[in-house]
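The structure under discussion appears below in the form of structure tokens.
Residue numbers (my numbering): 6 to 88.
Right under this line is the structure:
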């Protein structure tokens, strides 16, 4: 499991098997997971920063992460529904 995918599994541990399977089968979903992992890593970097832009950047990262979480869950729901 890639580091980026690990972040998604950490966020949704009950869906681990489905996440792993869907990321292996679906390039778009795998890309969403990679984007999510990258956003989490960037957020952690900004949270540790002393930059004056820290507040604005962390807010933007959190918003992106929330959007990606919704997309990930929608993709998983589509898989469950067979769409």
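Every residue gets a Cβ at the ideal spot worked out from N, C-alpha and C, and that includes glycine.
All figures in this text were calculated on a predicted structure; none of them were measured in a lab.
Practice item. Label residue 91 either buried or exposed according to how many other C-beta atoms from any shown protein chain fall within 10 Å of its C-beta, with 16 as the threshold for buried. Key: Within the shown structure, residues of the chain are numbered from 6 to 88, placing residue 91 beyond reach of any answer.
Exercise for review: List the endpoints of the continuous alpha helix (DSSP H) containing residue 17.
Suggested key: Taking the first residue of the chain shown as position 1, residue 17 is located at position 12. Unbroken run through residue 17: none, as it is neither H nor E.
Review point. With a Cβ-Cβ cutoff of 8 Å, do residue 77 and residue 13 count as a contact?
Key: Locating residue 77 in the chain shown gives position 72, where the first residue counts as 1. Locating residue 13 in the chain shown gives position 8, where the first residue counts as 1. Against a cut-off of 8 Å, the Cβ pair of residue 13 and residue 77 comes out as a contact.
**Study point:** Check whether residue 61 and residue 39 have beta carbons under 8 Å apart
**Key:** Here residue 61 is taken as the residue at index 56 of the chain shown, counted from 1. Here residue 39 is taken as the residue at index 34 of the chain shown, counted from 1. Not a contact, by the Cβ cut-off of 8 Å.
Point to revise | DSSP three-state assignment for residue 53, whether helix, strand or coil | key: The residue labelled residue 53 in the question sits at position 48 within the chain shown. Three-state DSSP puts residue 53 in coil, outside helix and strand.
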